Amino acid sequence: MDALYIHIPFCDKKCFYCDFWTFINMGHEIDRYTDYIIKESRLYPVYYYDTVYFGGGTPGLIGADNFAKILSALKVKENAEVTAEINPLNYSTEDFRNYRKAGVNRLSIGIQSFQDHVLKTAGRNHNGTQALETYRKAREAGFENITVDLMFGIPGQTLEDVYNDIKIIKEISPDHISVYSLIWEEGTLFWKQRENGLIEEADIDLEARMYETIIEELTKDGYIHYEISNFAKPGKKARHNTKYWENKEFIGLGVNSSSYYNDQRYKNLKNLYKYYKMIDNKELPIDISSLENVDRAEKEKMKIILGLRLLDTGIPYFNDSRVEKLFGNGLLKKENNRIILTKKGVMLANEVFVEFI
């Protein structure tokens, strides 16, 4: 066990597409929550972590002192990858220097787009200029491993918008890029706006062209398309997320965080105060209704589905009628005795995965 996820649920504002478990305008709870993250970590055996990932929410809101407090309470390997998600807000170069001193060595910046009208539609708090400034300050502070998030398929977003985003990406040259299509989640503001006829989903063919454009332009620029949604410079693949795709176990701390531990999958409680209470009682704050035993068959299924997401390695070859069918459909290929998604398979990955569910 060497992978740790820490959920920081606090946000200043809910983005229109977001269905993550977050608390708005509850900054007064941050210091207390930090203490309970540490208390929860002590309910598990001592592990030496190779990767630590602060996700959210908006982890940057907890500040350098709380990053330092949490990391100093953990056993973190000397060469560990320690990632913190941040949104492009009013950070100073000194803020980022303090993050580095605290032990954070990789930033994940939620840029999503550099086009102001796209950001406004998505309900983001920042504009394109702020995104560039945040990135520049992080580099000035000495961060040598920065990943940025981009989105496509946002209502009103055009292919030209995507080209312009990629043009800027090439200019600033981040170490890693995660690219996601908009997922319509029930309960989000986007969902409600669509139900009321105020916005429309992007045309499916346009979305496909956006994704193809991103792949073509980033790989042409030297990025390795190593996972369906992820691109990296050589040596800069996301170590933490790769553990997920390799179906390795991990611990999740914080409200509503997920864990895969001791052959069980489970989520923590959503209610902040029930979460505190269980930890005070020296109990893991698990939502019992989420508890799932992972048997051998489930492990094998997940190894296939998650492993196929890794485009440079895929999974070991095995003889199976479903595999042969997907070979015939041009969605999978055999390469060096491994099974890998084809270019067509990358575009239609869900059609591949459903065969193994």
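Residues in the sequence shown are numbered from 17 upward in steps of one, following the numbering used here. For every residue, glycine included, the Cβ atom is placed at its ideal position computed from N, Cα and C. Since we're looking at a predicted model, the values are computed, not measured.
- If you check the CB distance, P61 and E101 do not come in under 7 Å.
- A straight-line Cα-Cα distance of about 37 Å links A313 and R225.
- Within its own chain, the residues whose Cβ lies closer than 6 Å to the Cβ of Y292, once the five positions on either side in sequence are excluded, are Y52, listed in chain order.
- When the beta-carbon positions are compared, R122 and T150 stay at least 7 Å from each other.
- Taking the C-beta atoms as reference points, V271 is found nearer than 7 Å to K286.
- Counting of Cβ neighbours within 10 angstroms places Y289 among the exposed residues, the total staying below 16.
- If you check the CB distance, I24 and I86 do not come in under 7 Å.
- Y115 sits buried, since 16 or more C-beta atoms from the chains shown fall within 10 Å of its C-beta.
- Leaving aside the five residues that flank A157 on each side, the residues in its chain whose CB is nearer than 6 Å to its CB run, in chain order, T109, F112, R113.
- Taking a C-beta distance under 7 Å as the contact criterion, F247 and Y239 qualify as a contact pair.
- Around the Cβ of L214, a 10 Å sphere holds fewer than 16 other Cβ atoms; the residue is exposed.
- The three-state reading of DSSP puts T329 in coil, since its state is none of H, G, I, E or B.
- The C-alpha of S57 is placed about 38 Å away from the C-alpha of T145.
- When secondary structure is reduced to three states using DSSP, F83 falls in the helix class.
- Counting along the chain, the unbroken alpha helix (DSSP H) around N180 starts and ends at 175-188.
- Of A96, G139, D279, A218, the smallest CA-CA separation from V68 is found for A96.
- Rounded to whole angstroms, the Cβ separation of T163 and D191 is 6 Å, and the two are in contact under 8 Å.
- Between the beta-carbon of G169 and that of S197 there is about 4 Å, and that keeps the pair under the 8 Å contact cut.
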